Every structure is written in structure tokens, then in C-alpha cells.
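**Q** Letter 357 of the sequence shown, counting from 1, is numbered 357 in the working numbering, and no numbers are missing.
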Amino acid sequence: MKRKGSRRRKSAATRRRLPRKRNRKHAKPKKRIRRSLKGKRRGRRGKAKGHRRRLARTRKRALPMDAGRLRADNEQFRQRLIPGARIIEWFREAFKLGNEDFLWEIYRQILQREPDAAGFRTNKHLLDTGTGKAQIASSMMQSEEAGNVFGRKPSGDANTAAYIFQSIIPATEIDFIHAAHLHLVNRPPDAARMASHSGALQNGVPRHIWAARLLMTEEVQQLLSAPSLPEPPAPPVSGTSRQIGIFLCFGSQISMDGEGIGRFIVRLSEGLLKLDRGYILHVATTEANYRETNAVFTYLRNAFPHRIIIHHSDSMESINSNVPVDVWIVPYVGMALAQYLQKPTIVCLHDLVYLHFPDLYAGSQTHYQYIHSIAQKVTAQAAAVVFDSEFTRRHEGLTFLGLRPEQTTVVRFAAPHEEYSAFNVIDEGTLRNKYKLYGPYIVFPSVIRLHKNHERLIDAFHRFRLTELGAASGLRLVFTDETTNRPRQQEIAAALNAIGDPNIRASVQFIGRIPSAELPSIYKYAIGAVVPTLFEGSCPFPILESLLMDTPVAYGRLEVVQEVIADPSSFATFNPRDPLEMAEAIRILWLQGKSVAAEQKAALGDLLHRSWMDVANDYAAIVDRITAR
1 MKRKGSRRRK SAATRRRLPR KRNRKHAKPK KRIRRSLKGK RRGRRGKAKG
51 HRRRLARTRK RALPMDAGRL RADNEQFRQR LIPGARIIEW FREAFKLGNE
101 DFLWEIYRQI LQREPDAAGF RTNKHLLDTG TGKAQIASSM MQSEEAGNVF
151 GRKPSGDANT AAYIFQSIIP ATEIDFIHAA HLHLVNRPPD AARMASHSGA
201 LQNGVPRHIW AARLLMTEEV QQLLSAPSLP EPPAPPVSGT SRQIGIFLCF
251 GSQISMDGEG IGRFIVRLSE GLLKLDRGYI LHVATTEANY RETNAVFTYL
301 RNAFPHRIII HHSDSMESIN SNVPVDVWIV PYVGMALAQY LQKPTIVCLH
351 DLVYLHFPDL YAGSQTHYQY IHSIAQKVTA QAAAVVFDSE FTRRHEGLTF
401 LGLRPEQTTV VRFAAPHEEY SAFNVIDEGT LRNKYKLYGP YIVFPSVIRL
451 HKNHERLIDA FHRFRLTELG AASGLRLVFT DETTNRPRQQ EIAAALNAIG
501 DPNIRASVQF IGRIPSAELP SIYKYAIGAV VPTLFEGSCP FPILESLLMD
551 TPVAYGRLEV VQEVIADPSS FATFNPRDPL EMAEAIRILW LQGKSVAAEQ
601 KAALGDLLHR SWMDVANDYA AIVDRITAR
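What follows is the structure in C-alpha cells.
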């Protein structure tokens, strides 16, 4: 009892100084072991803390590989990889390495980092016990970490699978499947595979997991072990130089009727068919856009039977194999599928507006980074890149994309003489009743884009209507688009809400997108057209279209317009960023009326008389140069 009492009287400080092991000497074995494994408890001091740190340092030093040697060897290996090659080519080289070197490289390829000790140890054990390298790579691609790495913006070494997937993950489904399939299988998917792959992604399979499964297919396994990669099959030969392809394989469903690219390609196609060259046009589109494409080309198919053929497939392998063209015309540089065309291409580059206004397009930076990467690839392999102006040739072509001067040429647009002559002018009363265009109006016929400047035009129109002349005019402002789910929606709404007078507010009309056949009549009955856009890649279409219908124009002073209108004295021009100047231009347009249209048409000179057959002749000369090589 005395001994027990004396132990009880020991101070707390004395008890803390005694070794914990001695305090626990009578503990049960299991409990003792369990407690000793727990290490330092909260509030304890001394040995346990330092012991834990020493243990951590010891474990960190216990690496299962010679990291220095592997790092040095990998540096030499990376020098042998071909820049810009496909993933399958890099993987074929990596799969030839020994197990340790393979793991070091595959971590870099897929996770963009060096291996951790635990992961290296586990994967090396799997390799040493018979697991295949493809299975290791596929498993790594399916990991959560790989999904996060692939979802980042393009970064790190460009010669890695991760960088490639970072670049193509933002793509539309059809573009992503083609890009990934080409990188892993060394060819575009055929129609059957395309349907299967599309179904898997639509059912919710994450893209990085889908790619990992593709890596494990029998075809890819054969490519990884084959002595060399097979050569691509030769594309079909037409036997003539009269077969021209029109490539319209957009990655998503689009509306072409009334859009700039849609109008451009229909007008160019009509010009080519009217030339005395016997051209046969093959229009290629995707399944999603077949109905739209068919509708847009209905007029030409009826006018030129058997000379315009529409092909539709989601498989570039099918298009390359079955469409017998000599050369392709690619009307939009952002079509990713165009990079897989096997015949020479003529790429039409209208503009890269996002490079001129990086702040305006900053909210969609990831999307436009992807578009720019596509533009670089499509133009780099093009036989010719056609620009609509010297301005875009200098800036977009030579400066931004670094193209060779001999690869570039300028072909200016033409006024739509042929197209407008085919459309019957609609009765004025019928048109006004349909769109509620009661009274005089000015028009800006354009879809809403970030740089089209609709909100400043609304502000300028409001300022004009607040003047005595404006109030008496009863003038209306008409837009051919809707405001919902559009770019600059908030800014446009703010400009509209700033109009306090309900009568003026009601005079700003968004009538929605209209059929192409009605556009000439919209111009014809307008007092004038106003073109406030901050940027265009060529002389804006509305200037030519409006004057073709004898309706005068006011436009913003842009360098690209100065190329074709040397003397702008007959036009009401303005700084497109200044609503006050724009309001003054509206005032002048209202006062001058249609009497100034003849003088404005004369200022355009030959450009207004240039037809789409002239444009087609310029393209035909490019086709001749390419097919003669």
C-alpha cells in the first residue's frame, strides 16, 4: 500500500519524464503494439515527434529506382521523339524501353510528371510479373488524375499524350473522336466505328476513359508491336481535273441559311458551275448537317442537275475513300475535320477576329485557343490559303499564322448579282406586315457577334431619336437577329433599358433571322443600312448588298474598307467606338435619303460590278495551279 501510495504522489511532471515504454510495461501486448504504432499523440512532447520525422525522411529516401539515371536516360529518349508526331508513334518508342525506363516515360506521357515511389513500385511489380505495358498505360489513362490532367489547358511538354488530349478535349464530339482515333489508331474511324464511338460518348463514358479503352483494342495492340506503321491508303482518283470538293463537315449542327459562310459558299458554287469548264461539285457534310446542307443547295441542284452531288458521313475515312475529287475547297478554317483530307486543299481564311480583340474574346479563351490550333494545322498543310483582303493576308496569314507568302493569295468577294436576281422582290406591304415594319427604318442585317457592335448602334440611334429631327422622323432601327441566348446579351439589354421613352424603345426591332430570299427586299424598303461592326475581314457584305438594292450605307471607318473605297466622301462614316459620331451618321443618312445611292455606287468602282463568276474564275486559276503540280 505504501509503495502504491508513493507512486500516486509523484508529480505529473515526474511522470511525463519517465519513458512511455516503462509506463506501459504491464500493458497487454496487442494494446502496446497498437499504441506504439500510433506515434505521437496531440499534446505529447519529445521523442515521438522527432522519431516520426526521422522515419518520414528515411521512407522518402527509400526509393525503388535510380531516379538520377532514369531522369538522365529519359532526357536522351525525349530527344529522339519526333515533334508533332502522333501518340501511337511516341508510345511505340516508349514500349521498346525496359520496364523502369518505360514507367518513367509513360508517367510523363500521361500524367506529365515523374513517378512517385509507391506508384513506381506497384507498376514495376505488375510489369515484372507479366502485366502488359499497354494495360499499365490504359489503367493510368483511366485514373482520376489523368482525367484532371487531360482537362487542363494545354501545358507542359508538347510531345506528350497529355498535351494532345488537353488540346482536343474541348472539341466537339465528332472532332474529338477523329483526332483521338487518328492519334491512337493512325487513321480516321470508318463509319461503323464512328457510330459505335459516338454512342459510347453519348452514353456518358468520359473521354479519357474512352481513349484508354481504345488503346486496348486489338488494332492498336498490333500497331504497338508491328515493325512499322502501315501507309495510309491512296485516295480515289477522278481521272479529270473537273471534280471539286466543297468541304462542309462542321463538328456540330449549324445553320447556314443567311450566315456569312453559307452565303459565301453557295455564291462561289454557283459561279463555278456557270463557268465553261464542266465542273462537277461534290459537297461533303456530316449526318447532323445533311438536311441543312441539302436545303441550302436545293436551288443549285435544280438549276444544275447531275453536277452537284451531296455526300454525308461522320467518317473522314469514308469521305476520303468515296468522294472522287481532285481538290477540296474548305470555306471555314475552324473545321477540324479538314486536317484529315487526303487531297490538296484550298482553305478560305476570312478572318481570325479573336486575335484582334483578345479582351473581347477572353471569356471564350479556351474555345478560341482550340480554334486557333485547328487553323494552324489546316492552313499549314493547305496547297493554297485564300484571303478576302490584303489586310487579312498580312495580319492573319503572314503575321499570326506565319504562312509562306507564295502559299497565300487574295480573292475579293463580289456583290450577289446572280443570287439577288434569282429572288423575286416581295411586295412592300406584305413584307412590312410580316415583320411589323411600320414607318421608315434603317437596318443592320447581321447575326449578333461579340464584335458586331449592336449595343453602340442602339445607343447612337437613341441619341438621334432624342433630337428634334429624330423625334419628327419616326425612324425605326431593325436588326435581323434575336436577343436571347446571344453574345453581348447583357450589354444589348442595358442599351435597350437605357431608353426611357417607350415609343423610342418600341422603334428598336429585332425581327429574328430571316430567309435569304427576303433579305434583298429588307434592303430595298429601308431608308439606309448602317454597318457599325468593329472588325471585318473584307469589305462588309451589307455595303455591297445594300447598294445593289439602291439603298445608301453608313459605315464605320475600318482599314479593310479603305482598300476598296478610296473616296468615302459620299458616305456617312464614323468611328465605330463613338456613339456620337454614329448618331451624326444616322442623321446624315436620314437627311440625304436614297438620292446619294448612285454616288456611293460609283465610289465602289469595279467592285460593285464584280460578279461571282469573276470570283469563281480566280478560284479556278488556283485549282489549275494545284492540279498542274
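Just so you know, even glycine gets a beta-carbon here, dropped at the ideal spot from N, CA and C.
All figures in this text were calculated on a predicted structure; none of them were measured in a lab.
Using a Cβ distance threshold of 8 Å, determine whether the segment 128 to 139 contacts the segment 188 to 208, with at least three qualifying pairs required.
**A** In short, these stretches do not touch, since the Cβ pair count stays below three.
**Q** Using the Cα positions of Q109 and L126, report the straight-line distance between them to the nearest angstrom.
**A** Going from the Cα of Q109 to the Cα of L126 covers about 19 Å.
**Q** By the three-class DSSP mapping on this structure, what secondary structure does F391 have?
**A** In this structure, F391 counts as helix in the three-state DSSP scheme.
**Q** Could you tell me the distance, in whole angstroms, from the CA atom of E450 to the CA atom of V530?
**A** Reading off the sequence shown, one finds Leu at residue 450, where the question assumed Glu. Straight-line Cα distance between these residues: approximately 17 Å.
**Q** On the premise that E173 lies in contact with S198, defined as a C-beta separation below 8 Å, what is that separation, rounded to the nearest angstrom?
**A** Confirmed, about 6 Å.
**Q** Would G334 and I371 be called neighbours here (beta carbons separated by less than 8 Å)?
**A** Closer than 8 Å, so yes.
**Q** Starting from the N-terminal side, write out each stretch of the alpha helix (DSSP H) that is 4 residues or longer and does not extend beyond the segment 301 to 335.
**A** Segments of the alpha helix (DSSP H) lying fully in the segment 301 to 335: 316 to 322.
**Q** Of the choices V296, Q142 and P487, whose alpha-carbon is the least far from that of S446?
**A** S446 has its Cα closest to that of P487, out of V296, Q142 and P487.
**Q** Within this structure, are the beta carbons of Q600 and V553 separated by less than 8 Å?
**A** Yes, these two residues count as a Cβ contact at 8 Å.
**Q** Residue ranges of each alpha helix (DSSP H) run of no fewer than 4 residues wholly in the segment 357 to 383, ordered along the chain?
**A** 365 to 380, all fully within the segment 357 to 383.
**Q** Can you tell which of C539, S139, D128 and I626 has the C-alpha that lies nearest to the C-alpha of L604?
**A** The option with the nearest alpha carbon to L604 is C539.
**Q** In whole angstroms, give me the CA-to-CA distance for F633 and N320.
**A** Outside the displayed range of the chain (1 to 629) lies residue 633, so it cannot be described from this structure.
**Q** So, helix, strand or coil for I246, using DSSP?
**A** In the structure shown, I246 sits in a strand (DSSP, three-state: E or B).
**Q** Which of helix, strand or coil does DSSP assign to H609?
**A** Looking at H609 - three-state DSSP - the assignment turns out to be helix.
**Q** Residues bridged to Y441 by DSSP?
**A** The partner list for Y441 (beta bridge, DSSP) reads R476.
**Q** May I ask you to report which of helix, strand or coil DSSP gives F510?
**A** Strand at F510.
**Q** Using 8 Å as the threshold, is the C-beta distance between V266 and V411 below it?
**A** Cβ atoms of V266 and V411: not closer than 8 Å.
**Q** Return yes when the Cβ of M582 is within less than 8 Å of the Cβ of F574, no when it is not.
**A** Yes; because the gap between Cβ atoms is below 8 Å, this pair is in contact.
**Q** Cα separation between V425 and Y299?
**A** Roughly 17 Å separates the two Cα atoms.
**Q** Could you round the C-beta distance between M141 and L81 to whole angstroms and report it? I think they count as a contact, below 8 Å.
**A** No, M141 and L81 are not in contact; Cβ-Cβ is about 18 Å, not under 8 Å.
**Q** Write down the C-beta distance between E114 and W104 rounded to the nearest angstrom, noting that I regard them as a contact closer than 8 Å.
**A** Going by Cβ atoms, the distance from E114 to W104 rounds to 7 Å, so yes, they are a contact pair.
**Q** By the three-class DSSP mapping on this structure, what secondary structure does T627 have?
**A** Helix at T627.
**Q** For T366, which residues in the same chain have their Cβ closer than 6 Å to its Cβ, ignoring the five residues on either side in sequence?
**A** Result list for T366: P170, in chain order.
**Q** First and last residue of the beta strand (DSSP E) that includes Y555?
**A** V553 to G556 is the span of the beta strand (DSSP E), which, as asked, contains Y555.
**Q** Leaving aside the five residues before and after A212 along the sequence, list all residues of the same chain whose C-beta is less than 6 Å from its C-beta, in chain order.
**A** So the qualifying residues of the chain are S138, M141 and Q142.
**Q** Indicate the three-state DSSP secondary structure (helix, strand or coil) for G199 in the structure shown.
**A** Of the three classes helix, strand and coil, the one that applies to G199 here is helix, per DSSP.
**Q** CA-CA distance, S228 and K96?
**A** Rounded to whole angstroms, S228 to K96 spans 13 Å at the Cα level.
**Q** Considering only residues of the same chain and omitting the five flanking positions on each side of L589, which have a CB-CB separation below 6 Å?
**A** For L589, where only same-chain residues beyond five positions count, the Cβ hits under 6 Å are G528, A554 and A572.
**Q** Answer with buried or exposed for L580, where buried requires no fewer than 16 other C-beta atoms within 10 angstroms of its C-beta.
**A** Exposed.
**Q** Under 8 Å by Cβ, that's how I've got P188 and E317 pegged, so tell me the actual separation to the nearest angstrom.
**A** Correct: roughly 4 Å between the Cβ atoms.
**Q** F247 and A284 - do their beta-carbons sit closer together than 8 Å?
**A** Yes, Cβ-Cβ distance for A284 and F247 is below 8 Å.
**Q** So, E556 versus D351, is the Cβ gap smaller than 8 Å?
**A** The amino acid at residue 556 is misidentified as Glu; the sequence shows Gly. It is not a contact, given that the beta carbons lie outside the stated cut-off.
**Q** Can you grab the Cα-Cα spacing for the pair L273 / T409, in whole Å?
**A** In a straight line, the C-alpha of L273 is about 22 Å away from that of T409.
**Q** Output the distance between the C-alpha atoms of R465 and E428, rounded to the nearest integer angstrom.
**A** Distance between the alpha carbons of R465 and E428 is about 25 Å.
**Q** Where does Q381 land, buried or exposed, given buried means 16+ other C-beta within 10 angstroms?
**A** Result: exposed.
**Q** Checking 8 Å against the spacing of the C-beta atoms, do T379 and V385 come in under that value?
**A** Yes, Cβ-Cβ distance for T379 and V385 is below 8 Å.
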